[in-house]
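A.B. asks:
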Amino acid sequence: MVVQSQTLVEAVSPTKPAPRLELVGGDTENVPQWMEELRTVGWTVIPNTISEERAAEYVDHAYTWLESWGFGFDRNDPSTHTTAQLPFHIRGGLYNRLSIAHQQWVWDLKSEPSLVEKFEQIWGTKELLVSYDGLNMSIPDKTREASDPALKPWPHVDQSPYRHNLQCVQGILNLLPNGPEDGGLMVLQGSNALYTELWQHFDHKKPAEGWNKWEMQPLDDEMVDWLISKGCKWVKVCPNPGDLMLWDSRAVHYGALPSSTVHRFAAYVCYKPASHVSEEAKQQRKGAWESKSNTAHDPAVIRIMPRLPPPEHPQYEKVKARPVPEPKLSARARQLAGLDEY
Numbered sequence: 034m035v036v037q038s039q040t041l042v043e044a045v046s047p048t049k050p051a052p053r054l055e056l057v058g059g060d061t062e063n064v065p066q067w068m069e070e071l072r073t074v075g076w077t078v079i080p081n082t083i084s085e086e087r088a089a090e091y092v093d094h095a096y097t098w099l100e101s102w103g104f105g106f107d108r109n110d111p112s113t114h115t116t117a118q119l120p121f122h123i124r125g126g127l128y129n130r131l132s133i134a135h136q137q138w139v140w141d142l143k144s145e146p147s148l149v150e151k152f153e154q155i156w157g158t159k160e161l162l163v164s165y166d167g168l169n170m171s172i173p174d175k176t177r178e179a180s181d182p183a184l185k186p187w188p189h190v191d192q193s194p195y196r197h198n199l200q201c202v203q204g205i206l207n208l209l210p211n212g213p214e215d216g217g218l219m220v221l222q223g224s225n226a227l228y229t230e231l232w233q234h235f236d237h238k239k240p241a242e243g244w245n246k247w248e249m250q251p252l253d254d255e256m257v258d259w260l261i262s263k264g265c266k267w268v269k270v271c272p273n274p275g276d277l278m279l280w281d282s283r284a285v286h287y288g289a290l291p292s293s294t295v296h297r298f299a300a301y302v303c304y305k306p307a308s309h310v311s312e313e314a315k316q317q318r319k320g321a322w323e324s325k326s327n328t329a330h331d332p333a334v335i336r337i338m339p340r341l342p343p344p345e346h347p348q349y350e351k352v353k354a355r356p357v358p359e360p361k362l363s364a365r366a367r368q369l370a371g372l373d374e375y
């Protein structure tokens with residue numbers, strides 16, 4: 034089965050309350066500082082979640098994957114660091130097609146015990162499911178026009194405005210040094226605490242068909258300015274290789290492109306208790322596994338991305354002819370993927 038168009042399974046009903054998730058940190062003594070920050074501030078960084086050496090190995094795999102398409106990209110030749118010589122992606126470095134979620138090295142990364150362990154601590158269970166999520170590999174392209182929309186901020190939340198409770202903890206495992214000018218995660222600190230008030234205040238902006246129900250809602254400048262007037266502030270997160278960034282799914286955020294010449298490599302990682310994923314969603318996940326498609330950040334939200342670029346894209350035929358990956362998963366990874374029951 035090959036999915037050729039984005040498939041949306043409506044994830045939320047305005048009249049049906051969502052299951053309530055609670056962070057373990059609220060009721061546990063001797064809570065790690067990072068968990069307390071996640072609970073109170075809305076985001077945190079856990080240093081050295083994997084070693085710098087392991088992070089470097091994944092960087093090498095990522096470069097090899099980019100080069101393997103044969104579009105001309107060479108990690109050692111800056112003249113080849115252009116959009117045209119990289120495989121299909123969006124927003125200057127977001128890879129959410131091409132079966133990237135199902136590459137062997139990506140599953141190895143998502144199976145790292147020290148990474149999975151952090152989400153076990155967050156939710157108080159080992160019975161987790163992981164997103165079929167992509168990577169960010171932002172490589173500055175000097176040929177890109179300054180007016181390119183991909184260069185502009187795109188503040189959003191990966192949660193429907195109809196859900197006011199915490200829905201998931203999003204994560205990014207950082208793989209390369211990431212300073213203030215190197216692009217990366219921008220978080221509007223404090224915005225998660227104002228989530229309900231935000232959508233009530235801007236109810237007049239709700240489209241005729243309602244807010245998005247598939248767990249993604251952009252914010253306009255007026256909304257962001259209102260949050261800032263309430264005391265929120267933009268924070269550029271600057272992690273080291275191997276660090277894990279976590280944030281409340283109600284926090285406004287976006288991925289900034291590098292203004293330096295430094296590359297940014299990072300993997301999107303999100304694990305959620307299997308008990309909070311519906312049977313319908315579990316079956317949809319198995320379909321995404323069979324087609325080797327990517328899904329949304331939240332493991333319970335089945336927003337399936339096409340495996341291939343748009344048919345009119347010049348890379349379409351070459352990507353279509355490429356063999357679909359068949360990764361070999363460990364017993365733990367098969368549980369996380371939802372292929373084997375707990």
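The opening residue of the sequence shown carries number 34 in this note's numbering; numbering runs sequentially from there.
Built from N, CA and C at the ideal position, the CB exists for glycine as well.
1) Sort S262, G243, H189 and Q154 by Cα distance to Q250 and report the nearest one.
2) How is the alpha helix (DSSP H) around Y349 delimited, first residue to last?
3) Which word fits H330, buried or exposed, when buried means at least 16 other C-beta atoms lie within 10 angstroms of its C-beta?
4) Mind checking who R297 pairs with in its DSSP beta bridge?
5) Please return the same chain residues whose Cβ sits closer than 6 Å to the Cβ of R108, not counting the five positions on each side in sequence.
6) Can you name the start and end residues of the beta strand (DSSP E) that I261 belongs to?
7) Could you give the distance in angstroms between the alpha-carbon of C265 and the alpha-carbon of P213?
8) Tell me whether H237 sits in a helix, a strand or coil according to DSSP, three-state version.
9) Rounded to the nearest angstrom, how far is the Cβ of W140 from that of L362, given a contact under 8 Å?
10) Straight-line CA distance for E374 to A134?
11) Does the beta-carbon distance from L290 to S171 come in below 8 Å?
12) Specify, as a first and last residue, the run of the beta strand (DSSP E) that Q203 falls within.
13) Going by CA-CA distance only, name the one from T229, L260, W322 and L206 that's closest to N273.
14) Put W267 into one of helix, strand or coil per three-state DSSP.
15) Tell me whether I335 is buried or exposed, calling it buried when 16 or more other Cβ atoms sit within 10 Å of its Cβ.
16) Going by C-alpha to C-alpha distance, which of I337, E160 and H234 sits closest to A307?
17) Looking at Y301: is its Cβ nearer than 8 Å to the Cβ of P332?
18) Could you tell me the alpha carbon to alpha carbon distance between I123 and D181, rounded to whole angstroms?
19) With which residues is W280 paired in a DSSP beta bridge?
20) The alpha helix (DSSP H) spanning G217 covers which residue range?
C.D. replies: On the basis of the supplied data:
1) H189
2) Y349 to A354
3) Burial call: buried.
4) S171
5) In its chain, beyond the 5 residues on either side, Y96 have a beta carbon closer than 6 Å to the beta carbon of R108.
6) No beta strand (DSSP E) holds I261; the alpha helix (DSSP H) holding it covers D254 to S262.
7) 19 Å
8) helix
9) The distance from the Cβ of W140 to that of L362 is about 6 Å, consistent with a contact at the 8 Å cut-off.
10) Cα to Cα, the separation comes out at about 20 Å.
11) Less than 8 Å divides the Cβ of L290 from the Cβ of S171.
12) Counting along the chain, Q203 sits inside the beta strand (DSSP E) bounded by residues V202 to N207.
13) L206
14) strand
15) buried
16) E160
17) No, these two residues do not count as a Cβ contact at 8 Å.
18) 12 Å
19) Per the DSSP secondary-structure output, W280 pairs in a beta bridge with W76 and Q203.
20) Not the alpha helix (DSSP H): G217 falls in the beta strand (DSSP E), residues G217 to Q222.
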